[in-house]
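Protein chains: 2
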Amino acid sequence: MVYQLYYWPTIQGRGEFVRLALEEAGAAYVDVARGENGVQEMMDALAPSEHPSFAPPFLTAGALTIGQVANILLYLGDHLHLAPRGEAARLWTHQLQLTIADLVAEAHDTHHPVSGERYYEDQKPEAQQRAAEFVRTRIPKFMGYFARALGEHDYFNGAHVSYADLSLFQVIAGLRYAFPKAMARSEARHPQLAVLHARVAQRPKIAAYLASERRLPFSEEGIFRHYPELDH
Amino acid sequence: MVYQLYYWPTIQGRGEFVRLALEEAGAAYVDVARGENGVQEMMDALAPSEHPSFAPPFLTAGALTIGQVANILLYLGDHLHLAPRGEAARLWTHQLQLTIADLVAEAHDTHHPVSGERYYEDQKPEAQQRAAEFVRTRIPKFMGYFARALGEHDYFNGAHVSYADLSLFQVIAGLRYAFPKAMARSEARHPQLAVLHARVAQRPKIAAYLASERRLPFSEEGIFRHYPELDH
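As given, the protein sequences belong to chains A and B, one line each in that order. Quick note: the first sequence, position 205, residue 205 per our numbering, numbers continuous. Quick note: the second sequence, position 215, residue 447 per our numbering, numbers continuous.
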């Protein structure tokens, strides 16, 4: 099986959560929009007559087309052994992923609180307010939650990595990039999160991916943007 | 099996998507926080040592504790026959639910674009801007998407109702309450969405629920709030 991932070719964005899962599993995949005419190919594939997606990313797997990051990971979790098989642990993994998705959406809105269509520069005062609250109350609440959920385990489900661990790695990396001061404080309070981040980063396939050209850099075009004036 | 649903007792909010599923299935459930000392009971149950939730709603089912609306519905879909069994259709149903969740979050942020902690009255100018864009671009995009996803079917998956249909019913009801003018325009363009709304509302168990005291009214404490100045 060769998977086709469809996502914007120049940013990590939401597609990165899927890329990390495919890379960890050593799956064969094509990052379609990064090929020649790939963005056009992606836009053509976005709305098939059956099971259209609202937005990238989406994944095709044989005859299946699957949209929404958490849903793609639910599928890959089962097929690539990136989630436990038992019902309780499988649901728990998905619950964590959905909470990560909530955090990702909030991180995005720190720089686009008023309008997703206008530039950050056109909503800076509002971004200041929203980011201040994000830094003061939301990062601590989310990080405290994930630290509690992790407990003393190596990974959320114990000894075995899941897509939720990979996604939390990505969120920690992104928040470190965007809000280095705020994250330094939060990580000092929850050292096990830095340990999880390092544990994922050192997994052989993830380490190889991060060192490759396939890993795009963080930037001010993505979800996690470093605007120093928003980091308190 | 008697389910325990934990959610704020005075609003429909995110808990309503779970209530509708339980009601359609005729499941036995306790809406815990609506009982005496129920909110305290909910707060005590929010963070068990295993599988804590980030926020209400969460559901207990025997020994299972499940958080995040879409995850609860994934579980109930399987157990209460509110989702297809086949992999493709099961994932499709979940994909629709996750897109509905995105819309719900955006609907919330129309009245709280800058801060979830401060009153709407303290962020009215920003709410005006965010709501204007929501009405102008987001409602049409989401409604167009769901209309396309529904196609000529009675329900998203054909003849059988799923939790995603129940959730879309709730979103349409909520948006009609909050943005009656904008929704009238959108529904004129996509009449099949009003048909779906009516079809769900007329299902015997849903109709009985909507007529009961268990169905709370929409209000300016919930996600869908009617502030006439935001509806263009």
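We treat Cβ as the ideally placed atom computed from N, Cα and C, and that holds for glycine. Note that the coordinates shown come from a computational prediction; the quantities given were computed from them, not determined experimentally.
Assigned with DSSP and collapsed to three states, residue 177 of chain A falls in helix.
Here residue 161 of chain A carries a coil assignment [DSSP, helix/strand/coil].
Counted as a single uninterrupted DSSP element, the beta strand (DSSP E) harbouring residue 297 of chain B occupies residues 296 to 299. Taking the C-beta atoms as reference points, residue 362 of chain B is found no nearer than 8 angstroms to residue 386 of chain B.
The beta carbon of residue 389 of chain B sits no closer than 8 angstroms to any beta carbon of chain A. Note that the C-beta distance between residue 70 of chain A and residue 98 of chain A is below 8 angstroms. Per DSSP, residue 441 of chain B is one residue of the alpha helix (DSSP H) stretching across 436 to 442. In the DSSP assignment, residue 236 of chain B falls within the unbroken beta strand (DSSP E) covering 234 to 238.
Assigned with DSSP and collapsed to three states, residue 145 of chain A falls in helix. Residue contact check for residue 137 of chain A against chain B: a CB pair falls below 8 angstroms.
Cα atoms of residue 254 of chain B and residue 432 of chain B: separation of roughly 14 angstroms, rounded to the nearest angstrom.
Taking the Cα positions, residue 162 of chain A is about 22 angstroms away from residue 212 of chain A.
Under the DSSP assignment, residue 104 of chain A falls outside any beta strand (DSSP E), being part of the alpha helix (DSSP H) whose first and last residues are 87 to 111. Listed along chain B, the residues sitting closer than 9 angstroms to residue 74 of chain A by beta-carbon distance are 306, 323 and 326. Remark: C-beta atoms of residue 388 of chain B and residue 328 of chain B approach each other more closely than 8 angstroms. For residue 115 of chain A, the C-beta contacts it makes with chain B under 8 angstroms involve 361, 362 and 365, in order along the chain. Counting only Cβ-Cβ distances below 7 angstroms, residue 330 of chain B has contacts in chain A at 68, 70 and 71, in chain order.
Contact between the stretch 275 to 286 of chain B and the stretch 239 to 252 of chain B is absent: fewer than 3 CB-CB pairs across the two stretches fall below 8 angstroms.
With distances taken between CA atoms, residue 194 of chain A lies nearest to A:147 out of A:147, A:231 and A:33. Around the Cβ of residue 299 of chain B, a 10 Å sphere holds 16 or more other Cβ atoms; the residue is buried. Around residue 145 of chain A, the beta-carbon contacts reaching into chain B at under 8 angstroms are 284 and 286. By the rule that beta-carbons nearer than 8 angstroms mark a contact, residue 105 of chain A touches chain B.
By the neighbour-count definition (other C-beta atoms within 10 Å, threshold 16), residue 369 of chain B is an exposed residue. Chain A places no beta carbon closer than 8 angstroms to that of residue 431 of chain B, leaving this residue out of the contacts. In the DSSP assignment, residue 200 of chain A forms no beta bridge with any residue. Not a single CB atom of chain A sits nearer than 8 angstroms to the CB of residue 382 of chain B.
What residue 64 of chain A touches in chain B, judged by beta-carbon distance under 8 angstroms, is 319, 320 and 323, going in chain order. Neighbours of residue 126 of chain A in chain B, taken as residues at a C-beta separation under 8 angstroms, are given in chain order as 345, 346 and 358.
For residue 262 of chain B, the closest C-alpha among the options B:248, B:237 and B:252 is that of B:237. Leaving aside the five residues that flank residue 171 of chain A on each side, the residues in its chain whose CB is nearer than 7 angstroms to its CB run, in chain order, 100, 103 and 104. Distance between residue 415 of chain B and residue 456 of chain B, taken at the CA atoms: about 13 angstroms. Residue 35 of chain A and residue 459 of chain B have their alpha carbons spaced roughly 47 angstroms apart. Under DSSP, residue 263 of chain B shares a beta bridge with B:237.
For residue 58 of chain A, the uninterrupted beta strand (DSSP E) run begins and ends at 58 to 61, by DSSP. Buried is the label assigned to residue 355 of chain B, since at least 16 other Cβ atoms lie within 10 Å of its Cβ.
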